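So the protein lines, in turn, are chains Y and P.
Position 349 (the first sequence) corresponds to 349 in the working numbering; numbering is contiguous.
Counting from 1 along the second sequence, just add 1000 to a position and that's the residue number in the working numbering.
Please read the structure below before turning to the comments.
Protein chains: 2
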Amino acid sequence: MHDPIAHLNADKSARQERLMELLRIASVSADSRHAGDVKLAAEWVAERFRSMGLVPEVVPTAGNPIVYAESPPVPGAPVALVYGHYDVQPPEPLELWTTPPFEPTLRDGNVYARGATDDKGQMLTHLEGAAAWLAGGNGAGDGLPLQVKFLIEGEEEVGSANLEPFVQENKDRLACDVVVISDSSQFSPGMPAITYGLRGITYYELRIRGPQRDLHSGSFGGAVTNPAVTLAKMLAAIMGDDGRVQLPGFYNDVKPLTDGERAEFASLPFEDAVFAESLGVDGLTGEAGYTTLERRWARPSFDVCGLWSGYQGEGAKTVLPAEAGAKFSFRLVPDQDPEAVTASLESFLESLKPRGIEMQLIDHHGAPGVAFPPDGPFISAASRAIEEAFDAKPVKIREGGSIPIVNTFADQLGAEVLLLGWGLDDDNTHSPNEKFCLADFHRGAAASALLWRELASLGQG
Amino acid sequence: MHDPIAHLNADKSARQERLMELLRIASVSADSRHAGDVKLAAEWVAERFRSMGLVPEVVPTAGNPIVYAESPPVPGAPVALVYGHYDVQPPEPLELWTTPPFEPTLRDGNVYARGATDDKGQMLTHLEGAAAWLAGGNGAGDGLPLQVKFLIEGEEEVGSANLEPFVQENKDRLACDVVVISDSSQFSPGMPAITYGLRGITYYELRIRGPQRDLHSGSFGGAVTNPAVTLAKMLAAIMGDDGRVQLPGFYNDVKPLTDGERAEFASLPFEDAVFAESLGVDGLTGEAGYTTLERRWARPSFDVCGLWSGYQGEGAKTVLPAEAGAKFSFRLVPDQDPEAVTASLESFLESLKPRGIEMQLIDHHGAPGVAFPPDGPFISAASRAIEEAFDAKPVKIREGGSIPIVNTFADQLGAEVLLLGWGLDDDNTHSPNEKFCLADFHRGAAASALLWRELASLGQG
Chain Y
1 MHDPIAHLNA
11 DKSARQERLM
21 ELLRIASVSA
31 DSRHAGDVKL
41 AAEWVAERFR
51 SMGLVPEVVP
61 TAGNPIVYAE
71 SPPVPGAPVA
81 LVYGHYDVQP
91 PEPLELWTTP
101 PFEPTLRDGN
111 VYARGATDDK
121 GQMLTHLEGA
131 AAWLAGGNGA
141 GDGLPLQVKF
151 LIEGEEEVGS
161 ANLEPFVQEN
171 KDRLACDVVV
181 ISDSSQFSPG
191 MPAITYGLRG
201 ITYYELRIRG
211 PQRDLHSGSF
221 GGAVTNPAVT
231 LAKMLAAIMG
241 DDGRVQLPGF
251 YNDVKPLTDG
261 ERAEFASLPF
271 EDAVFAESLG
281 VDGLTGEAGY
291 TTLERRWARP
301 SFDVCGLWSG
311 YQGEGAKTVL
321 PAEAGAKFSF
331 RLVPDQDPEA
341 VTASLESFLE
351 SLKPRGIEMQ
361 LIDHHGAPGV
371 AFPPDGPFIS
381 AASRAIEEAF
391 DAKPVKIREG
401 GSIPIVNTFA
411 DQLGAEVLLL
421 GWGLDDDNTH
431 SPNEKFCLAD
441 FHRGAAASAL
451 LWRELASLGQ
461 G
Chain P
1001 MHDPIAHLNA
1011 DKSARQERLM
1021 ELLRIASVSA
1031 DSRHAGDVKL
1041 AAEWVAERFR
1051 SMGLVPEVVP
1061 TAGNPIVYAE
1071 SPPVPGAPVA
1081 LVYGHYDVQP
1091 PEPLELWTTP
1101 PFEPTLRDGN
1111 VYARGATDDK
1121 GQMLTHLEGA
1131 AAWLAGGNGA
1141 GDGLPLQVKF
1151 LIEGEEEVGS
1161 ANLEPFVQEN
1171 KDRLACDVVV
1181 ISDSSQFSPG
1191 MPAITYGLRG
1201 ITYYELRIRG
1211 PQRDLHSGSF
1221 GGAVTNPAVT
1231 LAKMLAAIMG
1241 DDGRVQLPGF
1251 YNDVKPLTDG
1261 ERAEFASLPF
1271 EDAVFAESLG
1281 VDGLTGEAGY
1291 TTLERRWARP
1301 SFDVCGLWSG
1311 YQGEGAKTVL
1321 PAEAGAKFSF
1331 RLVPDQDPEA
1341 VTASLESFLE
1351 SLKPRGIEMQ
1361 LIDHHGAPGV
1371 AFPPDGPFIS
1381 AASRAIEEAF
1391 DAKPVKIREG
1401 GSIPIVNTFA
1411 DQLGAEVLLL
1421 GWGLDDDNTH
1431 SPNEKFCLAD
1441 FHRGAAASAL
1451 LWRELASLGQ
1461 G
């Protein structure tokens, strides 16, 4: 019987050469001077699918093409969808690179190049993991123990504007049980991670208007409502001294952390003091009763992202400003509803609005948090695959940020999403000297190959 | 016996011509192209003193000259010092002037020109009021019933940087019992005013620093203290919901309004609704228990003058900002001590400072409030003089802003300051089409002449 792991072991140097080839293509999606390179990268990915025995489609969009391929259906097995991207961040500032960004170079067991970890290297692991199975098939796409669909886009670094419409319009074609994404990091070196939850967000802009023009703070101060003071009081009222958001009903739908989750987070090598020092602060604050990781990953939060009013220049200007404004966000967790948060916020702020003030609340965007069952069959399958490939049981973590495409896959396809990061925190993603550990590249390919086996073993979902 | 009022009546057209002459000089202190005109205006003022029989001195400074003159001492009478300025604001934008700013033009009983009310016209009334007495003397400076000193500067519109040092260095020469300044407005047309109090100020900049760089609000929000939220909470804490400043001890030294003051303010034609509408607001707020005029003139206040933090551009940026800052002021009333306010503020903010935050409080400047006894002999003398000249008893008011030179005169010379405004609120001070009512120019000159009589009648202070 065909052994995909043996195939991977035999194919190691060829696999590495393929990675180097793809990394030589300067597929910078933000820079129109690289439009040709972007197309070249899409073609390279399509050609790789062809060499695996699949029949890819390079789908034109209003922006850069989406490369799509799928293996044949396997009755009785779940369907997996791999998402990744072939475009990369701009490499500038070039003078800070030790070796040129599009001349991939090996140093200390790493490959240095723009896109090495984000996302060419990580994305390729799944093509290679599938190729290892397909090599045992009939050369026409057979050989995988389950159907795998590949959706590789070229606009992730510029906002993925054309991806969500594509998913919406191709729900049947993309139908799957589980989505696999490797575009993030391990918890720490030697400690791979499965990210099973992300926070959601609601983002607002609040504009406060008082008098029709800036006034002299001497002649008018004390009698005319100050928009900047009003803004400060509104923002301050949102956040309680215990670090809890004060909007009525805000915590009603918050799904509590389970004892298992809290135990898992507590077992992770994370020290508040080290974390604080890395940020240059003398201590941390947050919601009472929760650890730092719990606060970052699985509890809602409130942050002011921007503030403006009146005079911001040098020295003193004695003005009672006509306007003040703020941008702020709530990070949400399951099962908070962004629209319910907005409604509560609106009536809360309205209740605080003093005479002499007009208020405008702009709802910039919102997305709910997501969390998949950490002990569910898909995550357990991924855990077994990763443990075998990395020789380390992966930790199960959550992330504080949002990944809009995860919401899209969950909402549009009703699929569970596996976030399997093979990178490391010091990979210099989006910075000069981006790198990817070659051993992790190969371990990721093995984990992918084993993931197909483990998922197939679950049978029909 | 010489009658100065009869002299003023006979001299009316010549007096008006002198005003027109001075207004033709484009003495714009902010514009170096007008340096020659500024010198010319100083010379014109000096020449006018000479023609009155005084011996002026044009004192060079690091900036524009100060013109100084004094009449001889009069034993048994108090000494008065007139302060005014011969420089003017820039006239731009020129296209908005109906007639050119330095071609004074009569329309509807007003003279239109830059500097007409601020301060050439008002300043001249006191030279003319003294000249009316000196015309009855021996031509060598005798004839006034008290000693009058004149201090006319040329840098008021650019900050008076050289005036305070001059006052400090010439305390003996400038020694006086009362300072007379006409550089402001009547309460309303036909209702002249004596301003007997000004608020003081302390002005601060508060800088809040958190993490050493801007952070992703998703990955860090809820665990890292947000500088913008901290700033909002600090500013909000300063201002109570009752409109009272919450700093410990802030009101300890506040001199209460007397029943007489409250009655006088209440008698003035002032309507909250009209005032609010003129500012474009639907209502007013302020310290509970006080009227709008009391809040503006005689109660301390807190205003945020500027705010900044994080992202102020279009759309959404999900950042936990590294820094936030604010500029804010307290308006002070007698007998609050700016230094005590600063000390209380510092410890108040320190007590609110959470972990993970560094704070810097910059004290930009401070000056105490001033208020002279509204029923004291000098103000009563001025009131009699004005009532006779304007045929209307002046109202006694206060002002919410600060006039630094008033503090200088009060502190350095120990003198009481009479603020006698002959202008009107719609005089377009600092704007195109500045004007001064000619009848008020002549009434002001008469009031000045009568003031010298009334002050002299008080005898030695």
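All C-beta atoms, glycine included, are put in the ideal place defined by N, C-alpha and C.
Remember, predicted model here, so these are calculated numbers, not experimental data.
Check whether residue i and residue j have beta carbons under 7 Å apart
i                         : j                          : result
valine 1158 of chain P    : serine 1267 of chain P     : no
serine 27 of chain Y      : aspartate 37 of chain Y    : yes
isoleucine 152 of chain Y : glycine 84 of chain Y      : yes
glycine 280 of chain Y    : proline 1211 of chain P    : yes
alanine 1456 of chain P   : leucine 1146 of chain P    : yes
alanine 1116 of chain P   : lysine 1435 of chain P     : yes
aspartate 1087 of chain P : threonine 1429 of chain P  : no
proline 1065 of chain P   : alanine 1042 of chain P    : yes
aspartate 77 of chain Y   : leucine 54 of chain Y      : Reading the sequence as shown, one finds alanine at residue 77 of chain Y and not aspartate. Result no, Cβ atoms of alanine 77 of chain Y and leucine 54 of chain Y do not sit closer than 7 Å.
alanine 1326 of chain P   : leucine 1247 of chain P    : no
valine 1082 of chain P    : histidine 1126 of chain P  : yes
serine 309 of chain Y     : leucine 1307 of chain P    : yes
leucine 96 of chain Y     : proline 432 of chain Y     : yes
aspartate 1303 of chain P : leucine 1284 of chain P    : no
threonine 1225 of chain P : isoleucine 1357 of chain P : yes
leucine 345 of chain Y    : glycine 109 of chain Y     : no
Which of helix, strand or coil DSSP assigns to residue i
i                            : result
glycine 143 of chain Y       : coil
arginine 398 of chain Y      : strand
isoleucine 1005 of chain P   : helix
glutamine 122 of chain Y     : helix
leucine 1451 of chain P      : helix
alanine 392 of chain Y       : coil
threonine 1105 of chain P    : strand
glycine 1444 of chain P      : helix
valine 333 of chain Y        : coil
glutamate 1021 of chain P    : helix
glycine 159 of chain Y       : coil
phenylalanine 187 of chain Y : coil
glutamate 92 of chain Y      : coil
asparagine 1110 of chain P   : strand
isoleucine 1403 of chain P   : coil
leucine 1231 of chain P      : helix
leucine 127 of chain Y       : helix
leucine 438 of chain Y       : helix
For residue j and residue i, believed in contact at Cβ under 8 Å, the rounded distance
i                         : j                         : result
proline 1300 of chain P   : glutamine 1336 of chain P : 6 Å
alanine 1392 of chain P   : proline 1192 of chain P   : 6 Å
aspartate 1282 of chain P : alanine 1276 of chain P   : 7 Å
leucine 349 of chain Y    : isoleucine 386 of chain Y : So it is not a contact: roughly 46 Å between Cβ atoms.
alanine 298 of chain Y    : alanine 228 of chain Y    : Alanine 298 of chain Y to alanine 228 of chain Y, Cβ: 35 Å. No contact.
proline 1056 of chain P   : valine 1074 of chain P    : Not really, about 19 Å apart at Cβ, beyond 8 Å.
glycine 1423 of chain P   : serine 1185 of chain P    : 4 Å
valine 1178 of chain P    : leucine 1450 of chain P   : Valine 1178 of chain P to leucine 1450 of chain P, Cβ: 15 Å. No contact.
aspartate 202 of chain Y  : serine 329 of chain Y     : In the sequence under discussion, the amino acid at residue 202 of chain Y is threonine, which differs from the aspartate named in the question. So it is a contact: roughly 6 Å between Cβ atoms.
leucine 1019 of chain P   : valine 1111 of chain P    : 7 Å
Heavy atom of the ligand MG within 6 Å of residue i beta-carbon
i                      : result
valine 1058 of chain P : Questions concerning the ligand MG fall outside what the structure shown contains, since it holds no ligand whatsoever.
Taking 8 Å as the threshold, find out whether the region 316-325 of chain Y comes into contact with the region 217-227 of chain Y through three or more Cβ pairs.
-> Output reads yes: the region 217-227 of chain Y touches the region 316-325 of chain Y.
Touching by the beta-carbon criterion (3+ pairs, under 8 Å), the region 243-251 of chain Y and the region 396-415 of chain Y | The region 243-251 of chain Y, when compared against the region 396-415 of chain Y, does not touch it at the 8 Å Cβ threshold.
Segments assigned alpha helix (DSSP H), at least 4 residues, entirely inside the region 1247-1331 of chain P | Assignment of alpha helix (DSSP H) within the region 1247-1331 of chain P, counting only whole runs of 4 or more residues, yields 1259-1266, 1272-1279 and 1292-1297 in chain order.
Would you mind listing the alpha helix (DSSP H) stretches within the region 1026-1087 of chain P that are 4+ residues and don't spill past its ends, in chain order?
-> The DSSP assignment places complete alpha helix (DSSP H) segments of no fewer than 4 residues inside the region 1026-1087 of chain P at 1035-1052, in order along the chain.
At what residue ranges does the region 193-228 of chain Y contain a whole run of the beta strand (DSSP E), taking only runs of 3 or more?
-> The region 193-228 of chain Y contains these whole beta strand (DSSP E) runs: 193-198 and 200-209.
Uninterrupted beta strand (DSSP E) stretches inside the region 1342-1385 of chain P (no shorter than 3 residues) = Counting only runs of 3 or more, we get 1358-1367.
Could you pull out every unbroken beta strand (DSSP E) segment of at least 3 residues lying fully inside the region 409-433 of chain Y, listed in chain order?
-> The qualifying runs are 416-421.
Determine contact between the region 1409-1416 of chain P and the region 1337-1348 of chain P, defined as no fewer than three beta-carbon pairs at a distance below 8 Å.
-> Contact between the region 1409-1416 of chain P and the region 1337-1348 of chain P is absent: fewer than 3 CB-CB pairs across the two stretches fall below 8 Å.
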